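What follows is one structure encoded as structure tokens, with my remarks underneath.
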Amino acid sequence: MVSLWRELFLTAAAPALDAPGAQDVVTRLADLTARVWEHIIAGAGNAPNPPGDADAVLSIDTCHAVWDSYSLPPRQGIPLRRAFVGTLASSAELSGIGPCGRLIDGIVTALTPQAQDHTPSRPRRP
């Protein structure tokens with residue numbers, strides 16, 4: 303699954319590759335897409351050494367890669383950042399850990415009669 307999210311990002315980022323220096327930024331962001339999936343969404347992936355710093359290292363690497371994307375002209379940098387954020391948001395949402403998915407699941411659970419653990423004190427009138 304990791305390679306699919308990376309490939310989705312690379313497909314969305316393809317129009318930004320015509321700027322000088324874009325290939326390095328795109329590659330770093332694509333690699334981060336895979337790392338975020340492994341570490342945050344799918345579970346602990348390849349943690350850096352020492353392992354306790356995995357969150358901090360991922361956060362710093364992401365900050366640096368996104369910051370470097372601002373060195374590109376806006377015509378390439380803006381779509382590239384949109385592709386990166388969109389890919390990460392989509393992977394989180396479709397995995398079920400995103401906030402919208404949780405809200406919907408909570409509403410459905412609350413409104414499903416089988417999920418209710420109590421009986422109303424008065425019968426409902428039609």
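Numbering (my numbering), first residue to last: 303 to 428. Glycine residues also receive a C-beta, built at the ideal position from the N, C-alpha and C atoms. Note that the coordinates shown come from a computational prediction; the quantities given were computed from them, not determined experimentally.
Could you tell me the alpha carbon to alpha carbon distance between residue i and residue j, rounded to whole angstroms?
i: Thr329; j: Ile409; result: 39 Å
i: Ala417; j: Thr364; result: Since pLDDT at Ala417 reaches only 49, below the 50 mark, its modelled position is unreliable, and the value read off the structure follows with that caveat. Their backbone Cα atoms lie some 40 Å apart in a straight line.
i: Trp307; j: Ala412; result: 32 Å
i: Val368; j: Ala394; result: 18 Å
i: His366; j: Ser305; result: 22 Å
i: Thr335; j: Phe311; result: 8 Å
i: Thr313; j: Arg384; result: 13 Å
i: Ala316; j: Thr414; result: 44 Å
i: Asp333; j: Gln378; result: 19 Å
i: Ala318; j: Gly388; result: 15 Å
i: Glu309; j: Ala391; result: 15 Å
i: Pro375; j: Glu340; result: 31 Å
i: Thr380; j: Leu360; result: Correcting the residue type first, residue 380 is Ile in the shown sequence and not Thr. Answer to the nearest angstrom: the Cα atoms are 22 Å apart.
i: Asp357; j: Asp370; result: 20 Å
Hey, would you say residue i sits closer than 9 Å to residue j, going by beta carbons?
i: Val338; j: Ser373; result: no
i: Leu331; j: Leu382; result: yes
i: Ile399; j: Ile362; result: no
Is any non-hydrogen atom of the ligand NAP found closer than 8 Å to the C-beta of residue i, if you look at the structure I gave you?
i: Leu374; result: With respect to small molecules bound, the structure shown includes none, and the ligand NAP cannot be examined in it.
What are the start and end residues of the alpha helix (DSSP H) that includes residue i?
i: Asp326; result: Ala324 to Val338
i: Ile399; result: First-last for Ile399: undefined, no H or E at that position.
i: Asp363; result: Ala356 to Ser371
* Cβ contact (3+ pairs, closer than 8 Å) linking the stretch 308–325 and the stretch 353–362 -> no
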